[in-house]
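Scroll down for the structure; my scribbles are underneath it.
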Amino acid sequence: FRRVLFRSTTFLRNHAYGNGGAFYADGVVRLRGSDFVDNVANDQGGAGWIGSGSHVTIDGSRFRGNWARGSHGGALRLFATATSIASSSFEQNRAGGAGGAFDAYLGSMRVFASRFVGNTSQVNGGAFVSWDQQSLRLEHSLLSDNLVEGADGGAVLDHNSALPPVIRFNRFVRNRAPVGEGGALHLETRGLPGGSWPSLRTIVGNTFQANRAALGDAIQVYQCGVPAPRSEEHTSELQSLAYLVCRLLL
């Protein structure tokens, strides 16, 4: 595909033996007012797989009960895409790998006024994973009762975004990482531009309630970059400070 528009369309109980239970696409992809329910992929993207260079808009759509049996992205697997999600819901999706609702690798991601409820992943990001992306914005959304069974980020795992993630005015409720880190958020912010110190200034106005993890019930910020010391004698001091900043537990 090069241009794909699904409007007011329902995909119910479709099954792919590889990727993309309901669809497999690239290019300009628009999902508007559509439902993706109980679709299954044996590998990635229980409902859909969207490929490199795509521009993706998801608006007013519902993803429920989709399953990526063997790998990542319970509902969606997004590879090197520029994606915008608004006024949509992801409920009861599950992944045999990372990203109970979706797994986004490279590209950029904006999520606005959406719901992530009861999603499950085996490794990383009960609701979703943002991996090595240019940017992540998550705003005015509800993330509730998501679970990562085997690793980190009960709701969200963001790994090494080029820009600090913008996470504002969301509600994180009862998300769990029972054997891992970050009941709600697990942020790995290594390699920020210019070797800058990590900042939590872009995490603003959120509510964290009854999230649970083995380490860091609400937020775990992990292994941020350490500025090069000016002399060898300052190395341990800088590393200790970085550890305290990056191991912030809330």
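If you number the sequence shown the way the numbering used here does, the last residue is 1718 and the count never jumps. For each residue, glycine too, the CB sits at the ideal point set by N, CA and C.
Straight-line CA distance for residue i to residue j?
{"i": "residue 1476", "j": "residue 1683", "result": "42 Å"}
{"i": "residue 1719", "j": "residue 1479", "result": "Residue 1719 is absent from the model: the chain starts at 1469 and stops at 1718."}
{"i": "residue 1604", "j": "residue 1646", "result": "25 Å"}
{"i": "residue 1618", "j": "residue 1624", "result": "14 Å"}
{"i": "residue 1649", "j": "residue 1689", "result": "9 Å"}
{"i": "residue 1621", "j": "residue 1592", "result": "6 Å"}
{"i": "residue 1707", "j": "residue 1642", "result": "Caution applies to residue 1707, whose pLDDT of 35 falls short of 50 and renders its modelled position unreliable; the value that the coordinates give is listed next. Each residue's Cα considered, the two are about 33 Å apart."}
{"i": "residue 1550", "j": "residue 1574", "result": "9 Å"}
{"i": "residue 1594", "j": "residue 1481", "result": "22 Å"}
{"i": "residue 1679", "j": "residue 1564", "result": "22 Å"}
{"i": "residue 1500", "j": "residue 1531", "result": "12 Å"}
{"i": "residue 1554", "j": "residue 1606", "result": "10 Å"}
Give me whichever residues DSSP pairs with residue i in a beta bridge.
{"i": "residue 1549", "result": "Its beta-bridge partners do not exist; DSSP assigns none."}
{"i": "residue 1593", "result": "Looking at the DSSP assignment, residue 1593 forms no beta bridge with any residue, so it has no partner."}
{"i": "residue 1588", "result": "1562 and 1615"}
{"i": "residue 1627", "result": "1599 and 1656"}
{"i": "residue 1730", "result": "This structure cannot settle anything about residue 1730, because the visible part of the chain is limited to 1469 through 1718."}
{"i": "residue 1557", "result": "1530 and 1583"}
The beta strand (DSSP E) spanning residue i covers which residue range?
{"i": "residue 1654", "result": "1653-1656"}
{"i": "residue 1523", "result": "1523-1527"}
{"i": "residue 1607", "result": "1603-1607"}
{"i": "residue 1677", "result": "1675-1677"}
{"i": "residue 1729", "result": "Limits of the chain in this structure are 1469 at one end and 1718 at the other, which puts residue 1729 out of reach."}
{"i": "residue 1504", "result": "1503-1505"}
{"i": "residue 1719", "result": "Nothing about residue 1719 can be read from this structure; the chain reaches only from 1469 to 1718."}
{"i": "residue 1683", "result": "1680-1683"}
{"i": "residue 1478", "result": "1478-1480"}
{"i": "residue 1499", "result": "1496-1500"}
Buried or exposed: residue i, going by 16 or more other Cβ atoms within 10 Å of its Cβ?
{"i": "residue 1513", "result": "buried"}
{"i": "residue 1699", "result": "Here the model assigns residue 1699 a pLDDT of 33, short of 50, so the residue's position is not dependable, and the following value carries that caveat. Residue 1699 should be labelled exposed."}
{"i": "residue 1539", "result": "buried"}
{"i": "residue 1567", "result": "buried"}
Have a look at the options and flag the residue whose alpha-carbon is nearest the alpha-carbon of residue i.
{"i": "residue 1552", "options": "1507, 1529 and 1563", "result": "1529"}
{"i": "residue 1669", "options": "1483, 1636 and 1686", "result": "1636"}
{"i": "residue 1490", "options": "1496, 1501 and 1518", "result": "1518"}
{"i": "residue 1613", "options": "1589, 1501, 1578 and 1581", "result": "1589"}
{"i": "residue 1504", "options": "1561, 1673 and 1632", "result": "1561"}
{"i": "residue 1571", "options": "1474, 1601, 1585 and 1644", "result": "1601"}
{"i": "residue 1672", "options": "1616, 1578, 1681 and 1608", "result": "1608"}
{"i": "residue 1498", "options": "1546, 1534, 1523 and 1580", "result": "1523"}
Quick one: is residue i near chain C, going by C-beta distance under 9 Å?
{"i": "residue 1570", "result": "No chain C is part of this structure, which consists of one protein chain only."}
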